[in-house]
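Just below is one structure, and these are the notes that go with it.
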Amino acid sequence: MTVIALLGAGKIGEALLSGLLKGGHAPGDLLFTERYEDRARELETRYPGMRAVTVEDAAKRADVLVVAVKPQDIEPVLAELAPLLGPSSLVVSLCAGLPTVLYERSLAEGVPVVRVMPNTPMLVGEAMSAISPGRYATAAHVAVVKELLSHVGQVVEVPEKQQDAVTALSGSGPAYFFYLVEAMIDAGILLGLPRALAGQLIIQSAVGAAKMLAEGEDHPVLLREAVTSPAGTTINGIRELEKHGVRAALLDAIEAARDRSVELGREHEH
141 MTVIALLGAG KIGEALLSGL LKGGHAPGDL LFTERYEDRA RELETRYPGM RAVTVEDAAK
201 RADVLVVAVK PQDIEPVLAE LAPLLGPSSL VVSLCAGLPT VLYERSLAEG VPVVRVMPNT
261 PMLVGEAMSA ISPGRYATAA HVAVVKELLS HVGQVVEVPE KQQDAVTALS GSGPAYFFYL
321 VEAMIDAGIL LGLPRALAGQ LIIQSAVGAA KMLAEGEDHP VLLREAVTSP AGTTINGIRE
381 LEKHGVRAAL LDAIEAARDR SVELGREHEH
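The sequence shown maps to residues 141 to 410 in our numbering.
Here it is, written out as C-alpha coordinates:
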(Lines of atoms letter the chains of each structure in order from A and count residues from 1; the text may use other names and numbers.)
(Lines give C-alpha, C1' and ligand atoms only; values in the text may rest on other atoms or scores of the structure.)
Protein backbone atom coordinates (compact mmCIF):
# COMPACT_ATOMS: atom_id res chain seq x y z
CA MET A 1 0.00 0.00 0.00
CA THR A 2 1.07 3.60 -0.60
CA VAL A 3 2.16 5.41 2.55
CA ILE A 4 0.46 8.81 2.80
CA ALA A 5 1.52 11.60 5.14
CA LEU A 6 -0.64 14.61 5.87
CA LEU A 7 1.27 17.76 6.84
CA GLY A 8 -1.22 19.68 8.97
CA ALA A 9 -4.13 17.81 10.53
CA GLY A 10 -6.84 20.45 10.77
CA LYS A 11 -10.48 19.80 9.85
CA ILE A 12 -9.84 19.27 6.15
CA GLY A 13 -6.80 17.11 6.88
CA GLU A 14 -8.72 14.96 9.34
CA ALA A 15 -11.60 14.62 6.88
CA LEU A 16 -9.20 13.29 4.24
CA LEU A 17 -7.61 10.84 6.70
CA SER A 18 -11.05 9.62 7.79
CA GLY A 19 -12.12 9.16 4.17
CA LEU A 20 -8.98 7.21 3.34
CA LEU A 21 -9.58 4.89 6.30
CA LYS A 22 -13.16 4.30 5.19
CA GLY A 23 -11.86 3.66 1.68
CA GLY A 24 -9.70 0.77 2.86
CA HIS A 25 -6.33 2.37 3.59
CA ALA A 26 -4.65 0.79 6.62
CA PRO A 27 -4.08 3.09 9.63
CA GLY A 28 -0.40 2.11 9.61
CA ASP A 29 -0.05 3.55 6.11
CA LEU A 30 -1.40 6.95 7.16
CA LEU A 31 0.84 9.46 8.95
CA PHE A 32 0.25 13.04 9.98
CA THR A 33 2.12 15.99 11.41
CA GLU A 34 0.53 18.33 13.94
CA ARG A 35 2.15 21.22 15.77
CA TYR A 36 -0.23 21.00 18.75
CA GLU A 37 0.41 18.04 21.04
CA ASP A 38 -3.17 17.86 22.34
CA ARG A 39 -4.53 17.71 18.80
CA ALA A 40 -2.06 14.98 17.86
CA ARG A 41 -3.08 12.83 20.83
CA GLU A 42 -6.76 13.45 20.05
CA LEU A 43 -6.37 12.12 16.52
CA GLU A 44 -4.28 9.12 17.61
CA THR A 45 -7.04 8.20 20.08
CA ARG A 46 -9.82 8.69 17.54
CA TYR A 47 -8.02 6.68 14.83
CA PRO A 48 -6.17 3.78 16.48
CA GLY A 49 -3.05 2.73 14.60
CA MET A 50 -2.48 6.14 13.04
CA ARG A 51 0.55 8.02 14.34
CA ALA A 52 1.72 11.63 14.53
CA VAL A 53 5.25 12.07 13.17
CA THR A 54 7.71 14.87 12.50
CA VAL A 55 7.96 16.49 9.08
CA GLU A 56 11.32 14.78 8.63
CA ASP A 57 9.85 11.35 9.42
CA ALA A 58 6.93 12.02 7.10
CA ALA A 59 9.26 12.94 4.24
CA LYS A 60 11.39 9.83 4.76
CA ARG A 61 8.56 7.32 5.15
CA ALA A 62 5.75 8.54 2.88
CA ASP A 63 5.27 8.05 -0.85
CA VAL A 64 2.70 10.85 -0.96
CA LEU A 65 2.89 14.02 1.13
CA VAL A 66 -0.32 16.03 1.37
CA VAL A 67 0.42 19.62 2.41
CA ALA A 68 -2.57 21.06 4.29
CA VAL A 69 -1.03 23.94 6.25
CA LYS A 70 -2.25 27.52 6.05
CA PRO A 71 -0.81 29.38 3.04
CA GLN A 72 1.07 31.81 5.29
CA ASP A 73 2.85 28.85 6.94
CA ILE A 74 4.14 27.26 3.74
CA GLU A 75 7.65 28.76 3.62
CA PRO A 76 9.10 26.99 6.71
CA VAL A 77 7.46 23.72 5.67
CA LEU A 78 9.06 23.85 2.22
CA ALA A 79 12.41 24.78 3.74
CA GLU A 80 12.22 21.69 5.92
CA LEU A 81 11.15 19.43 3.05
CA ALA A 82 13.64 20.72 0.49
CA PRO A 83 16.65 18.55 1.46
CA LEU A 84 14.48 15.48 2.09
CA LEU A 85 12.45 14.97 -1.08
CA GLY A 86 13.34 13.67 -4.53
CA PRO A 87 11.51 12.75 -7.74
CA SER A 88 10.20 9.51 -6.19
CA SER A 89 8.00 11.50 -3.78
CA LEU A 90 4.65 13.01 -4.72
CA VAL A 91 3.60 16.32 -3.15
CA VAL A 92 -0.10 17.20 -3.07
CA SER A 93 -0.92 20.79 -2.14
CA LEU A 94 -4.26 21.64 -0.52
CA CYS A 95 -3.14 25.23 0.17
CA ALA A 96 -5.44 27.85 -1.35
CA GLY A 97 -3.83 30.17 -3.86
CA LEU A 98 -0.39 28.57 -3.91
CA PRO A 99 0.85 27.62 -7.42
CA THR A 100 2.80 24.48 -8.20
CA VAL A 101 5.75 26.60 -9.33
CA LEU A 102 6.22 27.76 -5.72
CA TYR A 103 6.83 24.15 -4.65
CA GLU A 104 8.94 23.35 -7.72
CA ARG A 105 11.14 26.38 -7.07
CA SER A 106 11.63 25.45 -3.41
CA LEU A 107 12.09 21.67 -3.71
CA ALA A 108 14.63 19.58 -5.60
CA GLU A 109 14.30 19.47 -9.36
CA GLY A 110 11.94 16.77 -10.58
CA VAL A 111 9.71 16.52 -7.48
CA PRO A 112 6.16 16.07 -8.83
CA VAL A 113 3.50 18.39 -7.41
CA VAL A 114 -0.27 18.30 -7.84
CA ARG A 115 -2.32 21.31 -6.75
CA VAL A 116 -5.76 20.67 -5.25
CA MET A 117 -8.60 23.00 -4.36
CA PRO A 118 -10.99 21.06 -2.09
CA ASN A 119 -13.86 22.45 -0.03
CA THR A 120 -15.34 21.86 3.41
CA PRO A 121 -18.07 19.38 2.38
CA MET A 122 -15.12 16.96 2.48
CA LEU A 123 -16.11 16.72 6.16
CA VAL A 124 -19.25 14.80 5.12
CA GLY A 125 -17.74 12.98 2.14
CA GLU A 126 -19.20 15.39 -0.43
CA ALA A 127 -16.18 17.49 -1.41
CA MET A 128 -15.70 19.09 -4.80
CA SER A 129 -11.97 18.92 -5.47
CA ALA A 130 -10.27 20.38 -8.54
CA ILE A 131 -6.73 19.18 -9.30
CA SER A 132 -3.96 20.50 -11.53
CA PRO A 133 -0.64 18.76 -12.20
CA GLY A 134 2.58 20.71 -12.03
CA ARG A 135 5.55 20.57 -14.39
CA TYR A 136 6.89 17.19 -13.23
CA ALA A 137 3.59 15.43 -12.43
CA THR A 138 2.63 12.63 -14.82
CA ALA A 139 -0.72 11.06 -15.64
CA ALA A 140 0.13 8.35 -13.12
CA HIS A 141 0.59 10.96 -10.39
CA VAL A 142 -2.74 12.55 -11.29
CA ALA A 143 -4.42 9.13 -11.11
CA VAL A 144 -3.04 8.61 -7.60
CA VAL A 145 -4.42 11.95 -6.42
CA LYS A 146 -7.81 11.33 -8.03
CA GLU A 147 -8.04 7.98 -6.25
CA LEU A 148 -7.18 9.53 -2.89
CA LEU A 149 -9.71 12.33 -3.22
CA SER A 150 -12.46 10.07 -4.59
CA HIS A 151 -12.90 8.77 -1.03
CA VAL A 152 -14.18 12.17 0.13
CA GLY A 153 -16.23 13.43 -2.83
CA GLN A 154 -15.99 14.26 -6.51
CA VAL A 155 -12.82 15.20 -8.41
CA VAL A 156 -12.21 17.15 -11.62
CA GLU A 157 -8.96 18.01 -13.38
CA VAL A 158 -8.53 21.61 -14.58
CA PRO A 159 -5.70 23.68 -16.07
CA GLU A 160 -3.83 25.41 -13.26
CA LYS A 161 -4.67 28.84 -14.69
CA GLN A 162 -8.30 28.12 -13.71
CA GLN A 163 -7.50 27.31 -10.08
CA ASP A 164 -8.06 30.83 -8.77
CA ALA A 165 -11.55 30.82 -10.31
CA VAL A 166 -12.20 27.35 -8.88
CA THR A 167 -11.10 28.59 -5.45
CA ALA A 168 -13.60 31.44 -5.65
CA LEU A 169 -16.46 29.30 -6.93
CA SER A 170 -16.32 25.92 -5.19
CA GLY A 171 -13.61 26.51 -2.59
CA SER A 172 -15.47 29.47 -1.10
CA GLY A 173 -18.85 28.39 -2.47
CA PRO A 174 -20.16 26.58 0.63
CA ALA A 175 -19.78 29.80 2.64
CA TYR A 176 -22.08 31.61 0.21
CA PHE A 177 -24.73 28.91 0.63
CA PHE A 178 -24.39 29.06 4.42
CA TYR A 179 -24.74 32.84 4.25
CA LEU A 180 -27.95 32.60 2.22
CA VAL A 181 -29.40 29.92 4.50
CA GLU A 182 -28.58 32.06 7.54
CA ALA A 183 -30.41 35.01 5.98
CA MET A 184 -33.42 32.86 5.05
CA ILE A 185 -33.66 31.49 8.60
CA ASP A 186 -33.62 35.06 9.89
CA ALA A 187 -36.43 35.84 7.44
CA GLY A 188 -38.46 32.97 8.86
CA ILE A 189 -37.97 34.37 12.37
CA LEU A 190 -39.02 37.82 11.11
CA LEU A 191 -42.23 36.23 9.82
CA GLY A 192 -42.97 34.68 13.20
CA LEU A 193 -41.57 31.15 12.92
CA PRO A 194 -39.48 29.59 15.70
CA ARG A 195 -35.77 29.44 14.83
CA ALA A 196 -35.65 25.63 14.94
CA LEU A 197 -38.60 25.30 12.58
CA ALA A 198 -37.27 27.96 10.20
CA GLY A 199 -33.95 26.13 10.11
CA GLN A 200 -35.58 22.76 9.43
CA LEU A 201 -37.69 24.20 6.60
CA ILE A 202 -34.81 25.94 4.86
CA ILE A 203 -32.13 23.27 5.34
CA GLN A 204 -34.32 20.50 3.96
CA SER A 205 -35.36 22.77 1.09
CA ALA A 206 -31.66 23.32 0.34
CA VAL A 207 -30.93 19.57 0.49
CA GLY A 208 -33.85 18.81 -1.81
CA ALA A 209 -32.97 21.56 -4.27
CA ALA A 210 -29.35 20.38 -4.41
CA LYS A 211 -30.50 16.82 -5.07
CA MET A 212 -32.73 17.98 -7.92
CA LEU A 213 -29.79 19.84 -9.44
CA ALA A 214 -27.40 16.90 -9.00
CA GLU A 215 -29.70 14.10 -10.16
CA GLY A 216 -31.78 15.86 -12.80
CA GLU A 217 -30.89 17.18 -16.23
CA ASP A 218 -32.81 20.47 -16.15
CA HIS A 219 -30.99 23.79 -16.14
CA PRO A 220 -31.35 25.80 -12.91
CA VAL A 221 -33.42 28.35 -14.83
CA LEU A 222 -36.00 25.69 -15.73
CA LEU A 223 -36.13 24.43 -12.16
CA ARG A 224 -36.70 27.96 -10.89
CA GLU A 225 -39.37 28.63 -13.51
CA ALA A 226 -41.21 25.48 -12.42
CA VAL A 227 -41.69 27.04 -8.97
CA THR A 228 -42.55 30.49 -10.31
CA SER A 229 -46.28 30.73 -11.05
CA PRO A 230 -47.80 33.80 -12.76
CA ALA A 231 -48.63 36.49 -10.18
CA GLY A 232 -47.64 34.06 -7.44
CA THR A 233 -45.59 34.34 -4.28
CA THR A 234 -42.27 33.24 -5.80
CA ILE A 235 -42.18 35.82 -8.58
CA ASN A 236 -42.83 38.56 -6.05
CA GLY A 237 -39.89 37.32 -4.00
CA ILE A 238 -37.63 37.10 -7.05
CA ARG A 239 -38.59 40.63 -8.05
CA GLU A 240 -37.22 41.83 -4.70
CA LEU A 241 -34.00 39.85 -5.17
CA GLU A 242 -33.50 41.47 -8.56
CA LYS A 243 -34.41 44.89 -7.19
CA HIS A 244 -31.72 44.59 -4.54
CA GLY A 245 -29.10 43.33 -7.00
CA VAL A 246 -28.54 39.91 -5.40
CA ARG A 247 -27.35 38.38 -8.70
CA ALA A 248 -24.86 41.20 -9.28
CA ALA A 249 -23.68 40.97 -5.67
CA LEU A 250 -22.92 37.25 -6.08
CA LEU A 251 -20.97 37.95 -9.26
CA ASP A 252 -18.95 40.64 -7.48
CA ALA A 253 -18.38 38.40 -4.42
CA ILE A 254 -17.01 35.52 -6.47
CA GLU A 255 -14.83 37.85 -8.51
CA ALA A 256 -13.44 39.37 -5.29
CA ALA A 257 -12.66 35.89 -3.94
CA ARG A 258 -10.83 35.08 -7.20
CA ASP A 259 -8.78 38.25 -6.87
CA ARG A 260 -7.78 37.34 -3.31
CA SER A 261 -6.71 33.87 -4.44
CA VAL A 262 -4.45 35.51 -7.02
CA GLU A 263 -3.01 37.77 -4.30
CA LEU A 264 -2.22 34.78 -2.06
CA GLY A 265 -0.13 33.28 -4.83
CA ARG A 266 1.67 36.55 -5.54
CA GLU A 267 2.56 37.01 -1.88
CA HIS A 268 4.98 34.09 -2.24
CA GLU A 269 6.64 35.27 -5.45
CA HIS A 270 10.33 35.98 -5.06
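Every residue, glycine too, gets a C-beta built ideally from N, C-alpha and C. Fair warning: this is a prediction, and the values are worked out from it, not measured in the lab.
| Check | Outcome |
| --- | --- |
| Straight-line Cα distance separating Pro227 from Ala236 | 24 Å |
| For Val298: DSSP bridge partner residues | Answer is none; Val298 lacks a bridge partner. |
| Within the stretch 300 to 362, ranges of the alpha helix (DSSP H) (whole runs, at least 4 residues) | 303 to 306, 313 to 330, 335 to 355 |
| 8 Å CB neighbourhood of Ala222 in its chain, flanking five on each side removed | Ser246, Leu247, Ala248 |
| Residue range of the beta strand (DSSP E) that includes Ala267 | 267 to 273 |
| Classification of His165 by the beta-carbon crowding that lies within 10 angstroms, buried from 16 upward | buried |
| Simplified DSSP assignment, three categories, for Thr374 | helix |
| Three-state class that DSSP yields for Ser158 in the structure shown | helix |
| Beta carbon of Ile271 nearer than 8 Å to that of Val295 | yes |
| Chain-order list of residues whose beta-carbon lies under 6 Å from that of Asp203 (same chain, five-residue window excluded) | Thr142, Val143 |
| Ala208 vs Leu160 beta-carbon contact at 8 Å | no |
| Start-to-end residues for the beta strand (DSSP E) that takes in Thr173 | 170 to 173 |
| Ala192 (DSSP reduced to helix, strand or coil) | strand |
| Closest by C-alpha distance to Leu234, when choosing among Tyr187, Ala155, Arg406 | Ala155 |
| Residue range of the alpha helix (DSSP H) that includes Val285 | 279 to 289 |
| Ile214 and His408 closer than 8 Å at C-beta | yes |
| Touching by the beta-carbon criterion (3+ pairs, under 8 Å), the stretch 279 to 290 and the stretch 338 to 352 | no |
| Residue nearest to Val195 in terms of C-alpha spacing, selected from Arg379, Ala280, Thr185, Arg175 | Arg175 |
| Span separating the alpha-carbon of Leu224 from that of Gly405 | 24 Å |
| Buried or exposed (CB count within 10 angstroms, at least 16 for buried), Asn376 | exposed |
| Spatial distance of Glu184 from Gly328 (CA atoms) | 43 Å |
| Whole-angstrom C-beta distance between Val321 and Ala349, which should lie under 8 Å | Not a contact, Cβ separation roughly 11 Å. |
| Nonlocal neighbours in the same chain, by C-beta distance under 8 Å from Thr173, ignoring five residues either side | Ala145, Leu146, Leu147, Gly148, Ala149, Ala192, Val193, Thr194, Val195, Ala198 |
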